[in-house]
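Asker:
Residue numbers (the working numbering): 24 to 363.
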């Protein structure tokens, strides 16, 4: 299966910017993986992608990559609406699959994907890279130690202004491809809120502003009501709030100003955690820069090569998708509607 006893052989299905700028370089730097080939429906684009990465084979269609016997695992960075079909096809071809977030457009689609993985006896994991940054582990450690007492409120926000100056060609503005801010950015907000709460919400209320021309939500917010805790989550294509979250507890607060995108643009992926006690005393803790994409692909490869459990379970992905579905339904229903 692998190159030597410790290398997972990767293929990338599509030439999306996240693949070219983040995941392909991360695989090339990884200690237990090797990037063997890339594929695009455009032959010239596939060749360009391979040239950018260097010393990588390329295929002019997706099927050829799935038929490539020198590939153990496929990374899927395609538009959201294509995740289900191509992930299942890759699994049926005997490949392990690391699929971009959101895993699917619905819980039903995701369940079908996990069923295909079980039938094929191949791993399938959703690619939430923030989970692998040491900053995230440190936040969870502080909460488990009771650093701020009992958590009572979680706030999570992610926004990047991709609306200003757009011509609408970005797949995020195409409803037929699973576009919209809730699925693209709100998935981070929901996943973090679930992770920090450690349980499922009882009620979900939602709001969204839909773009009149493109027909997708461009800003959205939701209230997640957990037992003993409330989550306030939001996302937007119209602002530049980066990705931040905070936890308010009975004895203080934890703020993570770069919680989702520790590295953005030329900024090193350094973490920062700000703790305040009940008297307002603040302590800032810097977390050394880390490539969370590299850590993610290494963790996936390690689990596959060792035959151990993946670091992200199907239940986590399904739980996040349930909330996203509720958020979208609530946002398109009568204002103030709560679901669950």
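C-beta: ideal position from N, C-alpha, C; glycine also. A quick note: this is a predicted structure, and the numbers were derived from the prediction, not measured.
1. On a CA-only basis, which of 47, 41, 43 and 171 is nearest residue 33? Give me that one, please.
2. For a quick check, are the C-beta atoms of residue 313 and residue 106 less than 8 angstroms apart?
3. What separation, rounded to the nearest whole angstrom, lies between the Cα atoms of residue 54 and residue 30?
4. Using the beta-carbon count (16 or more within 10 Å), is residue 306 buried or exposed?
5. Does the distance from the C-beta atom of residue 201 to that of residue 104 stay below 8 angstroms?
6. Mind checking residue 81: buried by the 16 CB within 10 Å criterion, or exposed?
7. Assign residue 276 to one of two classes, buried (16 or more other C-beta atoms within 10 Å of its C-beta) or exposed (fewer than that).
8. Tell me the rounded alpha-carbon separation between residue 348 and residue 227.
9. Using a Cβ distance threshold of 8 angstroms, determine whether the region 323-335 contacts the region 225-240, with at least three qualifying pairs required.
10. Can you look up residue 106 in the DSSP assignment and give me helix, strand or coil?
11. Go ahead and label residue 37 buried or exposed: buried means 16 or more other beta carbons lie within 10 angstroms of its beta carbon, across all protein chains shown.
12. Less than 8 angstroms between the C-beta atoms of residue 266 and residue 165, yes or no?
13. Where residue 322 and residue 151 are concerned, what is the direct C-alpha to C-alpha distance, given to the nearest angstrom?
14. To which residues of the same chain is residue 146 closer than 6 angstroms at the C-beta, ignoring the five residues directly before and after it?
15. Quick check: the region 211-227 against the region 293-303, are there 3 or more CB pairs under 8 angstroms?
16. Which runs of the beta strand (DSSP E) fall wholly inside the region 78-133 and span at least 3 residues, in chain order?
17. Just tell me which of 124, 197 and 252 has its CA closest to the CA of residue 234.
18. Report buried or exposed for residue 343, applying the criterion of at least 16 other Cβ atoms within 10 angstroms of its Cβ.
19. Would residue 317 and residue 144 be called neighbours here (beta carbons separated by less than 8 angstroms)?
20. Whole angstroms are fine: how far does the CA of residue 315 sit from the CA of residue 365?
21. Between residue 297 and residue 278, what straight-line distance do the alpha-carbon atoms span, to the nearest angstrom?
22. For residue 315, report the span of its alpha helix (DSSP H) as first-last.
23. Using a Cβ-Cβ cutoff of less than 6 angstroms, which residues in the same chain neighbour residue 308 once the five nearest sequence positions on both sides are dropped?
24. Tell me the DSSP bridge mates of residue 268?
25. Excluding the 5 residues flanking residue 125 on each side, which residues of the same chain have their C-beta closer than 7 angstroms to its C-beta?
26. Of the residues 114, 261, 110 and 117, which one's Cα is nearest the Cα of residue 368?
27. Exposed or buried, what is residue 95 when buried is set at 16 or more other beta-carbons lying within 10 Å of its beta-carbon?
28. Classify residue 14 as helix, strand or coil using the three-state DSSP reduction.
29. From residue 149 to residue 336, what distance separates their C-alpha atoms?
30. Looking at residue 91 and residue 140, is the spacing between their C-beta atoms short of 8 angstroms?
31. What distance in whole Å lies between the Cβ atoms of residue 89 and residue 177, which are believed to be in contact at a cut-off of 8 angstroms?
32. Once you ignore the five residues that flank residue 41 on each side, which residues in its own chain have a CB closer than 8 angstroms to its CB?
Answerer: Taking the coordinates as given:
1. 47
2. no
3. 8 angstroms
4. exposed
5. yes
6. buried
7. When all chains shown are included, residue 276 counts as buried.
8. 10 angstroms
9. no
10. helix
11. buried
12. no
13. Rounded to whole angstroms, residue 322 to residue 151 spans 12 angstroms at the Cα level.
14. 119, 327 and 333
15. no
16. 80-82, 96-99 and 119-123
17. 197
18. That one is buried.
19. no
20. Since the first and last residues shown for the chain are 24 and 363, residue 365 lies out of range.
21. 5 angstroms
22. 315-329
23. 296
24. 179 and 279
25. 103, 206, 210, 344 and 347
26. Outside the displayed span of the chain (24 to 363) sits residue 368, for which this structure offers no information.
27. Answer is buried; the Cβ neighbour count reaches 16.
28. Because the chain spans 24 through 363 in this model, residue 14 falls outside it and cannot be assessed.
29. Inter-residue distance for residue 149 and residue 336 is about 9 angstroms (C-alpha atoms, whole angstroms).
30. Going by C-beta atoms, residue 140 is not nearer than 8 angstroms to residue 91.
31. Not a contact, Cβ separation roughly 40 angstroms.
32. 100 and 123
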